[in-house]
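> Before I ask anything, let me first share the structure, which is written out below as structure tokens.
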Amino acid sequence: MRYVIAGNSVATVAAIEAIRKRDDKGEIVVISPEPRTAYCRPLITYHLAGQVSSDRLSYKQESFYEARGVRVLYNKALEGLEPEKGRVVLTGGEKLEYDRLLLAIGATPFIPPIEGVKGPGVHPFTSIDHMEAVEAHLKDWKEVVVVGAGMIGMKTAEALHMRGVKVTIVELLEKILPIVLDDASSAWAQEALEKAGVDYVLGDSVVAVERDGRGDVKGVTLKSGAFIPCQGVIVAVGVRPNVAPLEGSGIDINKGVLVDDRMETNLENVFAAGDVVEAYDLILGAKRPIQLWPLAYRQGLIAGANMAGGKKRYVGGFPINSVGFFDFKVASAGLSTVEPGVEESFEVKVFEDKERGIYRKVVVGNNRLMGFIILNDICRAGVYSGLIWSRMDVSLFKDALVEDMSMPEACRLSAHGLEPWSFESMRDFRRMGWSLFPRSYRKHFTAMPSRIEEVCAFESEVCTI
Amino acid sequence: MGCRLCEVACAVEHSKTKDPVAAFLEEDWEPFSHTVVEMIGPVSFSLSCRHCDEPYCVEACISGALRVEDDGRVVIYEEVCVACGMCVVSCPWGAIKPRKRDGVVKAAKCDLCPDREVPACVAACPNRALNFDTALGPGLEKVEEEEIIEG
Ligand SMILES: Cc1cc2nc3c(=O)[nH]c(=O)nc-3n(C[C@H](O)[C@H](O)[C@H](O)COP(=O)(O)OP(=O)(O)OC[C@H]3O[C@@H](n4cnc5c(N)ncnc54)[C@H](O)[C@@H]3O)c2cc1C
Ligand code: SF4
Ligand code: SF4
Chain A
253 MRYVIAGNSV
263 ATVAAIEAIR
273 KRDDKGEIVV
283 ISPEPRTAYC
293 RPLITYHLAG
303 QVSSDRLSYK
313 QESFYEARGV
323 RVLYNKALEG
333 LEPEKGRVVL
343 TGGEKLEYDR
353 LLLAIGATPF
363 IPPIEGVKGP
373 GVHPFTSIDH
383 MEAVEAHLKD
393 WKEVVVVGAG
403 MIGMKTAEAL
413 HMRGVKVTIV
423 ELLEKILPIV
433 LDDASSAWAQ
443 EALEKAGVDY
453 VLGDSVVAVE
463 RDGRGDVKGV
473 TLKSGAFIPC
483 QGVIVAVGVR
493 PNVAPLEGSG
503 IDINKGVLVD
513 DRMETNLENV
523 FAAGDVVEAY
533 DLILGAKRPI
543 QLWPLAYRQG
553 LIAGANMAGG
563 KKRYVGGFPI
573 NSVGFFDFKV
583 ASAGLSTVEP
593 GVEESFEVKV
603 FEDKERGIYR
613 KVVVGNNRLM
623 GFIILNDICR
633 AGVYSGLIWS
643 RMDVSLFKDA
653 LVEDMSMPEA
663 CRLSAHGLEP
673 WSFESMRDFR
683 RMGWSLFPRS
693 YRKHFTAMPS
703 RIEEVCAFES
713 EVCTI
Chain H
1162 MGCRLCEVAC
1172 AVEHSKTKDP
1182 VAAFLEEDWE
1192 PFSHTVVEMI
1202 GPVSFSLSCR
1212 HCDEPYCVEA
1222 CISGALRVED
1232 DGRVVIYEEV
1242 CVACGMCVVS
1252 CPWGAIKPRK
1262 RDGVVKAAKC
1272 DLCPDREVPA
1282 CVAACPNRAL
1292 NFDTALGPGL
1302 EKVEEEEIIE
1312 G
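Which chain is which? The protein sequence lines are A and H, in order. The first sequence lines up with residues 253 to 717 when you count with the numbering used here. The second sequence lines up with residues 1162 to 1312 when you count with the numbering used here.
In structure tokens form, the structure reads like this:
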């Protein structure tokens, strides 16, 4: 059995672990265009800021691959897929046969078609190579424009600011972290930016990168006509699943590679995981790409297990995020902002106390927690994620969720509202985890998988997948 | 009971001197317990890391600071942690918290007391409500700390 894994990042690492749990003999070959072991992609901004040394960037060392008998082909990329022959085409035309193939080739940064965007001084920021290129420029860059106020844009802006560069952030939408934050919480972020002395322009976009006679960047022109002088531009307007090498292979692609709940594609023996896929979103109830680290890990683990003959199902995922910059910290998950037009379907509760620095918002739909935003004190944010996974009925303690969220609050209210140990309430408690039960109750549940989402998948009437 | 002795025991065990009096006299010491007793009315329970089989926190950790050890313990290598908070939002029990020590923030969670045989919280519980119990999962040893309520 030969397992071929294209890509060498977190999804790959998880898949290797999962394969080796079930099959310690099969040959594993990893295709890695980057000449290094798997590294912590999100840490590149921390490295640029000088907070993390280069030896801490690697996620797994050489020894990880050696101990598991994994062969890594460095400096080779997947260039094509020939499913009918069961083989992949690598850089240089070399062909490699597979019994099981995992596509974990991640995403590529999207570069919008702006005038003058091609050429020196304009960089995306998603890999060590990009980081090194930016690092090399730092001595000549006094001013930089960061296009896009998403997570990568904000983290990069913070890093550049810490390196003494004057940063201006330009965002098309009217918010900082537009996908995550709502207007009110974005105002908190804006305040933090102002305090740090970072300029930002919201609701405007870059229409041209202006260059001098030698081709070097001298500034950007915005749609509003404004001109911002700068020597460098960071483009961080999002990433797209890296599907280019798969075109023409007959694989189902929408925005990303479509996978089922086993992380298998429409092609036999071809699996996919991580940023490249479009998998089930537990909250939206539809497939879409969610490009985050924990999901890439989970998907890699499930793909790996199924490639090696296991039977693991992906019950779906939802965005879970925690990001901090310029003294601003936000934890969020699921559906954290409700788009205009569908407000009636949701109940949104907000608790804001500027003085004490508290902002908590929850989105409740059908009496289930759908998403949340918590600023600054994120201490018990995990409990909210637990509530989303568990799909527990929160109708009895909706207000407590934002005002003073604690587990006992939840338990007391539901214990009062429902018969304490009756079957119904037990089921709800169980979704919250059997850890709440006395020993005698516990034994009923220990036979079940320990992950909440798997437990709730049993309850097919609640989670229809 | 809600006596919260487990919290005290945990905070003391994770102080520098491991002595309650000395610990309180230590200047920069801010008591920090990994376990939290949640109380309301007659019901209380002590909530701490469950050392999951497939831990959400380990999957979420963007720096590789959280790992599952061979014996099933889920531990955090503080020197690697960048305090991003991904694990904090991911743990469905809320069992990981950011902890500020000597001016540096790192994620902190139950480590099952590496210096003792039985975790301090378990040893401290006067009601024997906290048990320490290792269950065998499929092919994997699962260490799990169990504890219960009522009364
Ligand atoms: C700056 C930054 C900050 C981030 N911060 C966070 C955060 O705080 N929290 C969070 O949850 N997520 C964060 N992310 C997202 C997270 O890094 C990704 O979701 C995660 O890395 C996805 O992992 P992956 O395994 O899908 O592949 P990727 O990490 O995208 O890697 C893709 C792999 O495929 C390889 N590859 C590419 N093309 C080919 C080819 N043709 N053939 C073979 N191999 C190929 C690449 O070399 C690479 O090894 C951040 C991302 C960036 C860039
Ligand atoms: S911190 Fe949370 S997710 Fe991690 S092992 Fe403990 S209980 Fe599980
Ligand atoms: S806070 Fe530390 S331990 Fe937690 S996910 Fe981030 S780096 Fe990992």
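C-beta atoms are modelled at their ideal positions from N, C-alpha and C, and glycine is treated no differently.
Roughly how many angstroms separate the alpha carbons of A:Ala266 and A:Gly561, rounded to a whole number?
Roughly 16 Å separates the two Cα atoms.
> Give me the residue from A:Asn494, A:Ser457, A:Leu445 with the minimum Cα distance to A:Glu331.
Out of A:Asn494, A:Ser457, A:Leu445, A:Asn494 has the C-alpha closest to the C-alpha of A:Glu331.
> Does the distance from the CB of A:Gly568 to the CB of A:Tyr611 come in under 8 Å?
Taking 8 Å as the Cβ cut-off, A:Gly568 and A:Tyr611 do not qualify as a contacting pair.
> Can you determine whether any heavy atom of ligand 1 sits closer than 7 Å to the C-beta of A:Asp527, and answer yes or no?
A:Asp527: yes, Cβ under 7 Å from ligand 1.
> So if I threshold CB-CB distances at 8 Å, which residues from the segment 574–586 of chain A count as touching chain H?
Hits within the stretch, in order: Ser574, Val575, Gly576, Lys581, Ala583, Ser584, Ala585.
> Is there contact here, the segment 405–424 of chain A with the segment 438–455 of chain A, by at least three beta-carbon pairs under 8 Å?
These segments touch.
> Measuring only from the beta carbon, is H:Leu1227 closer than 7 Å to any heavy atom that is part of ligand 3?
Yes.
> Can you tell me whether H:Glu1174 is buried or exposed? The criterion is at least 16 other CB atoms within 10 Å of its CB, across all chains shown.
Answer is buried; the Cβ neighbour count reaches 16.
> Going along chain A in order, which residues have a C-beta closer than 7 Å to the C-beta of H:Ile1223?
Going along chain A in sequence order, the residues near H:Ile1223 (Cβ under 7 Å) are Cys292, Pro294, Leu295, Trp545.
> For ligand 2, is there any heavy atom lying closer than 7 Å to the beta carbon of H:Cys1210?
Answer for H:Cys1210: yes, Cβ within range of ligand 2.
> To test your reading of the DSSP string, which unbroken beta strand (DSSP E) runs of 3 or more residues are found completely within the segment 441–469 of chain A?
The segment 441–469 of chain A contains these whole beta strand (DSSP E) runs: 451–454, 458–463.
> Indicate whether at least one CB of chain A lies closer than 8 Å to the CB of H:Glu1168.
Closer than 8 Å: no.
> Who are the near neighbours of A:Val522 in its chain, counting only those whose CB is closer than 6 Å to its CB and skipping five residues on each side?
Closer than 6 Å at Cβ, skipping near neighbours: Leu353.
> Which complete alpha helix (DSSP H) runs does the segment 371–446 of chain A hold, if anything under 4 residues is left out?
For the segment 371–446 of chain A, whole alpha helix (DSSP H) runs of length 4 or above, ordered along the chain, are 380–389, 403–414.
> Label A:Phe479 either buried or exposed according to how many other C-beta atoms from any shown protein chain fall within 10 Å of its C-beta, with 16 as the threshold for buried.
Exposed, because fewer than 16 other Cβ atoms sit within 10 Å of the Cβ of A:Phe479.
> What residues in the segment 627–642 of chain A bring their beta carbon closer than 7 Å to a beta carbon of chain H?
From the segment 627–642 of chain A, only Ile630, Cys631, Arg632, Ala633, Gly634, Val635, Ser637, Gly638, Trp641 have a Cβ closer than 7 Å to chain H.
> Is the beta carbon of A:Val341 closer than 8 Å to that of A:Ile486?
Not closer than 8 Å, so no.
> Which two residues bound the contiguous beta strand (DSSP E) that contains A:Gly576?
Segment 572–577, the beta strand (DSSP E) holding A:Gly576.
> Would you say H:Ala1220 faces chain A, with C-beta separation under 8 Å as the test?
Inspection of the sequence shows that residue 1220 of chain H is occupied by Glu rather than by Ala. True, the Cβ-Cβ gap to chain A drops below 8 Å.
> Quick one: residues in its chain with C-beta nearer than 7 Å to the C-beta of A:Asp392, no 5 flanking neighbours on either side, listed in chain order?
Closer than 7 Å at Cβ, skipping near neighbours: Gln483.
> Determine the direct distance from the alpha carbon of H:Ser1251 to that of A:Trp673, and round the result to whole angstroms.
Caution applies to A:Trp673, whose pLDDT of 32 falls short of 50 and renders its modelled position unreliable; the value that the coordinates give is listed next. Using only the alpha carbons, I get a separation of about 28 Å.
> Based on DSSP bridge pairs, tell me the residues matched to A:Tyr291.
The partner list for A:Tyr291 (beta bridge, DSSP) reads A:Ser310.
> Count the other C-beta atoms from every protein chain shown that fall within 10 angstroms of the C-beta of A:Ile717, then say buried if there are 16 or more, exposed otherwise.
No answer about A:Ile717 holds up, because its pLDDT of 30 lies below 50 and its placement is not dependable.
> May I ask you to report which of helix, strand or coil DSSP gives A:Ile200?
Because chain A in this structure spans residues 253 to 717, residue 200 of chain A falls outside the shown range and cannot be described.
> In or out: H:Pro1280 buried (at least 16 other Cβ within 10 Å) or exposed?
Result: buried.
> So, using beta-carbon positions, are H:Val1249 and A:Ala583 closer together than 8 Å?
In this structure, A:Ala583 lies closer than 8 Å to H:Val1249 by Cβ.
> Name the chain H residues that come within less than 9 Å of A:Ile268, Cβ to Cβ?
Neighbours of A:Ile268 on chain H: none; closest Cβ ~14 Å, over 9 Å.
> First and last residue of the beta strand (DSSP E) that includes A:Met515?
Premise fails: A:Met515 is in no beta strand (DSSP E) and is neither H nor E.
> By the DSSP assignment, the alpha helix (DSSP H) with A:Gly556 in it spans what residues?
Unbroken alpha helix (DSSP H) run through A:Gly556: 545–559.
> Under a Cβ-count criterion, where at least 16 other Cβ atoms within 10 Å of its own Cβ denotes burial, should A:Phe689 be classed as buried or exposed?
Only weak support exists for where A:Phe689 lies, its pLDDT of 33 falling under 50; the coordinates are left without a value.
> Run down chain H in chain order and give the residues with a C-beta less than 8 Å from the C-beta of A:Ile542.
None at all; the shortest Cβ gap to chain H is about 13 Å.
> Just mark A:Asp307 as buried or exposed, buried being the case when its beta carbon has 16 or more other beta carbons within 10 Å.
Exposed: under 16 other Cβ atoms inside 10 Å.
> Establish whether the CB of A:Arg415 and some CB of chain H are separated by less than 8 Å.
With 8 Å as the cut-off, A:Arg415 does not count as an interface residue toward chain H.
> If contact means a Cβ-Cβ distance below 7 Å, which residues of the segment 1236–1255 of chain H contact chain A?
Listed by position along the chain: Val1241, Val1243, Cys1245, Gly1246, Met1247, Val1249, Val1250, Ser1251, Cys1252, Pro1253, Trp1254, Gly1255.
> Assign A:Gly449 to one of two classes, buried (16 or more other C-beta atoms within 10 Å of its C-beta) or exposed (fewer than that).
Burial call: exposed.
> In this structure, does DSSP put A:Val511 in helix, strand or coil?
Residue state, collapsed to three classes: coil.
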